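Chemist: Can you keep this structure in mind? I'll have questions shortly.
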Amino acid sequence: MAEKKATTKKAAETKEAKAPAAKKATATKKTAVKAEVTAVNAENIGFKAGDVYQALAAAQKALNVKEIAKAAKITEEETLLGLGWLFKEGKLLSTDDNKIVLA
């Protein structure tokens, strides 16, 4: 009988050791994040600049980057690429409150 108790005790210890590991595995679920990739080339950036310009022209007022992205239906990263293009061409002006307006 002494052997059975030892076996039962080991089995109980094994179950206790496995139980926390099972809980830990279920607690560390990761959610999948889709990364959007923007092609950085002159043609794509030119199109984004056109989107930004059209959004600013339609608004007829100064907008910040988030507002431009929302109006143009593009990401903030794409908005910044388009803004850079338009600033280089001298088509935009920046206001004191970090908003952008057509020149």
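Note that my numbering has the sequence shown beginning at 14, numbered continuously upward.
Don't be surprised by glycine CBs; every beta carbon is placed ideally from N, CA and C.
Note that this is a predicted model, so its numbers are computed, not measured.
(1) Among 80, 61, 88, 82, which residue has its Cα nearest to the Cα of residue 99?
(2) From residue 95 to residue 43, what distance separates their C-alpha atoms?
(3) May I ask which residues mark the beginning and end of the beta strand (DSSP E) holding residue 50?
(4) From residue 84 to residue 54, what does the alpha carbon distance come to, in whole angstroms?
(5) Give the straight-line distance between the Cα atoms of residue 58 and residue 75, rounded to the nearest whole angstrom.
(6) What is the DSSP secondary structure of residue 81, counted as helix, strand or coil?
(7) Name the two residues that bound the continuous alpha helix (DSSP H) containing residue 58.
(8) Go through its chain and collect everything with a Cβ distance to residue 105's Cβ below 8 Å, but skip five positions before and after it.
Modeler: On the basis of the coordinates in this document:
(1) 61
(2) 34 Å
(3) First-last for residue 50: undefined, no H or E at that position.
(4) 23 Å
(5) 21 Å
(6) Correct three-state label for residue 81: helix.
(7) Where residue 58 is concerned, the enclosing alpha helix (DSSP H) stretches over 55 to 72.
(8) A distance below 8 Å between beta-carbons, with the five flanking residues on each side excluded, links residue 105 to the following residues of its chain, in chain order: 69, 96, 99, 113, 114, 115, 116.
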